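Just so you know, we're using this note's numbering here: the sequence shown kicks off at 7 and counts up by one.
We put the beta carbon where it would ideally sit given N, CA and C, even for glycine.
Fair warning: this is a prediction, and the values are worked out from it, not measured in the lab.
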Amino acid sequence: MKDIRSDLHACTLCAQRFAATATMHQPNPVVWFQPGARLLIASQAPGMKVHRANTPFWDASGVRLRAWLGLDEEAFYDRSRVAIIPMAFCFPGYDAKGSDLPPPPVCAKTWRKYALAMVPDVRLTVLIGGHAMRYHLPDFTTVTQAVRDHDTHPAGTFALPHPSWRNTGWLKKNPWFEEEVLPRLRTAVAEVMT
Ligand code: SF4
């Protein structure tokens with residue numbers, strides 16, 4: 007297994023792309039994984055707060071995600087048990103409406119298989135949002151379908167909507183998520199964390 011973390015920290019492949027956004031920021035890969043982790047959070051990309059804090063899910067989305075998983079901050083940020091590997095390791099910038107841009111595809115093409123190879127002991131994968139679902143689920147169609155069909159995914163895989171406040175409307179429209187999916191998810195998380 008090749009340890010890519012130093013090279014990943016130093017990656018500047020998207021420097022020009024980020025310099026052309028409104029925030030004109032520099033690449034800042036948020037690297038949060040190590041061998042031995044049993045729970046994989048396969049997420050989307052850092053937001054601005056995470057970019058500044060250098061800590062994944064250090065924002066309101068993280069508060070909601072930890073509640074969904076049934077984990078406190080100490081457990082969630084324990085890299086010996088939890089790996090957080092997004093589809094892009096850097097904040098992509100904002101679009102014209104002020105939403106985060108999608109993760110640059112070059113990141114997953116360049117780094118993802120090597121990052122995943124560094125966590126061979128993962129027993130539970132939690133996919134966050136459509137970009138991660140498209141990568142990990144061969145039969146992906148829509149986020150709602152993937153979240154609802156949690157029984158049909160490869161063993162040890164859950165699909166979740168992004169925990170952003172932007173999905174609060176989705177959560178209200180789909181009460182089965184909190185009633186049916188979250189209890190099963192928390193049980194699965196508790197099993198791999200102990
Ligand atoms: S998003 Fe990925 S590929 Fe682009 S600079 Fe950051 S680490 Fe490199």
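Assuming contact is defined by CB atoms lying nearer than 8 Å, are A89 and A43 in contact in what I supplied? yes
For D47 versus V149, is the C-beta spacing smaller than 8 Å? In the sequence as presented, Asp is not what sits at residue 47; that position holds Ile. For I47 and V149, no; Cβs fall outside 8 Å.
Does the ligand SF4 have even one heavy atom less than 7 Å from the beta-carbon of F4? For residue 4 there is no data in the structure shown, the boundaries of the chain being 7 and 200.
C-alpha gap between M30 and E186, whole angstroms: 42 Å
CB of Y100 within 8 Å of CB of T27, strictly: yes
Check whether the Cβ of F95 lies closer than 7 Å to any heavy atom of the ligand SF4, and answer yes or no. yes
Between the segment 100-115 and the segment 61-75, do three or more beta carbon pairs fall short of 8 Å? These segments do not touch.
Over what stretch of residues does the alpha helix (DSSP H) that includes T174 continue unbroken? 174-179
Measuring CA to CA, which of P62, P92, R87 is closest to G136? P92
Kindly list the residues whose CB is nearer than 8 Å to the CB of F95, restricted to its own chain and excluding five residues on each side of it in sequence; keep chain order. L14, C17, P35, V36, V37, A51, P52, C113, W117
Rank T61, K103, S105, G104 by C-alpha distance to the C-alpha of D84 and give the top, closest one. Ranking the options by Cα distance to D84, first place goes to T61.
Does the beta carbon of T158 fall short of 7 Å from some heavy atom of the ligand HEM? With respect to small molecules bound, the structure shown includes the ligand SF4 and not the ligand HEM.
Just to confirm, does V112 get its C-beta within under 7 Å of one of the non-hydrogen atoms of the ligand SF4? yes
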